[in-house]
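These protein sequence lines map, in sequence, to chains A and B. Going by our numbering, the first sequence opens with residue 1, and the numbers climb by one from there. Going by our numbering, the second sequence opens with residue 1001, and the numbers climb by one from there. Below: one structure, written as structure tokens.
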Amino acid sequence: GQNIDQPTEMTATEGAIVQINCTYQTSGFNGLFWYQQHAGEAPTFLSYNVLDGLEEKGRFSSFLSRSKGYSYLLLKELQMKDSASYLCAVRGGGGFKTIFGAGTRLFVKA
Amino acid sequence: GAGVSQSPRYKVAKRGQDVALRCDPISGHVSLFWYQQALGQGPEFLTYFQNEAQLDKSGLPSDRFFAERPEGSVSTLKIQRTQQEDSAVYLCASSLGGTSGTIWDTQYFGPGTRLTVL
């Protein structure tokens, strides 16, 4: 079956760095996406990985290892507004489905 | 429009009523997806359109759910004889690409329609 696992909740301090992990098992692979979702709002795109390695985008970086079925999202210089759910999503191969994880709720405290 | 829009934003239906949810994707986007999101969960795939063709409807939970995109732009998700378990947020997303395996596959989401079935 297809499955995405990520921690349910994490807490971090303003100004710190946090790493949110994601492991996946899918039928084929055609890209991994990270989205941010504030409560009651739509998911917004953060990053995309299709090849192994690190993609950096300002305070956010995302890493992918296809052989391990593993990704992480790194958030630096945390701000209170980063408190949100972070969704890991994988586009399987040979089809159109994108499978989403349940999301990691991040709480940033002062 | 700048982004994906959905209407209505909120819908309350009595059990057994039919509802229709509308999605206006980003202009020029080939792909359109519908998702169902329960509280505290990630979006669950319902169906996918490439232009006007519905290429995958494997996520539709029952034959009460029907989606269309007749002219390859606006899409409607229809739920017949609504049940309480249909209560959820229904998200629509569009992307420029189809299955290119590139960043053009990135999906951009609308604000969702929160459906409550009483």
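All C-beta atoms, glycine included, are put in the ideal place defined by N, C-alpha and C.
Give me the Cβ distance between residue i and residue j, rounded to the nearest whole Å; I'm assuming they're in contact under 8 Å.
{"i": "S83(A)", "j": "L73(A)", "result": "The Cβ separation is near 15 Å, so there is no contact."}
{"i": "Q1017(B)", "j": "T1082(B)", "result": "5 Å"}
{"i": "E14(A)", "j": "R105(A)", "result": "Rounded, the Cβ-Cβ distance is 17 Å, inconsistent with contact."}
Helix, strand or coil for residue i, going by three-state DSSP, please let me know.
{"i": "E1085(B)", "result": "helix"}
{"i": "K97(A)", "result": "coil"}
{"i": "D1018(B)", "result": "coil"}
{"i": "D1024(B)", "result": "strand"}
{"i": "I17(A)", "result": "coil"}
Quick one: what's got a C-beta closer than 8 Å to residue i's C-beta in the same chain, skipping five residues either side?
{"i": "Q1107(B)", "result": "S1031, F1033, A1093, S1094, S1095"}
Within the 8 Å Cβ cut-off, does residue i reach chain A?
{"i": "I1026(B)", "result": "no"}
{"i": "F1045(B)", "result": "yes"}
{"i": "P1111(B)", "result": "yes"}
Output yes if chain B places a C-beta closer than 8 Å to the C-beta of residue i; else output no.
{"i": "Y43(A)", "result": "Per the sequence shown, the amino acid found at residue 43(A) is Pro instead of Tyr. With 8 Å as the cut-off, P43(A) counts as an interface residue toward chain B."}
{"i": "Y48(A)", "result": "yes"}
{"i": "G101(A)", "result": "yes"}
{"i": "T23(A)", "result": "no"}
{"i": "K97(A)", "result": "yes"}
Of all the options the options, which has the alpha carbon lying nearest to the alpha carbon of residue i?
{"i": "F29(A)", "options": "S47(A), I20(A), C22(A), T98(A)", "result": "T98(A)"}
{"i": "S1062(B)", "options": "G1072(B), D1086(B), T1076(B)", "result": "D1086(B)"}
{"i": "N49(A)", "options": "L1091(B), I1103(B), P1043(B)", "result": "I1103(B)"}
{"i": "Q1084(B)", "options": "L1118(B), E1068(B), S1005(B)", "result": "L1118(B)"}
{"i": "L87(A)", "options": "V18(A), Q2(A), F33(A), T26(A)", "result": "F33(A)"}
Once the 5 residues before and after residue i are set aside, which same chain residues still bring their CB inside 7 Å of it?
{"i": "R59(A)", "result": "L75, K76, E77"}
{"i": "L1060(B)", "result": "L1046, T1047"}
{"i": "R1064(B)", "result": "I1079, Q1080, R1081"}
CB-CB under 6 Å to residue i, same chain, minus the five flanking residues each way: which ones, in chain order?
{"i": "G1072(B)", "result": "N1051, E1052"}
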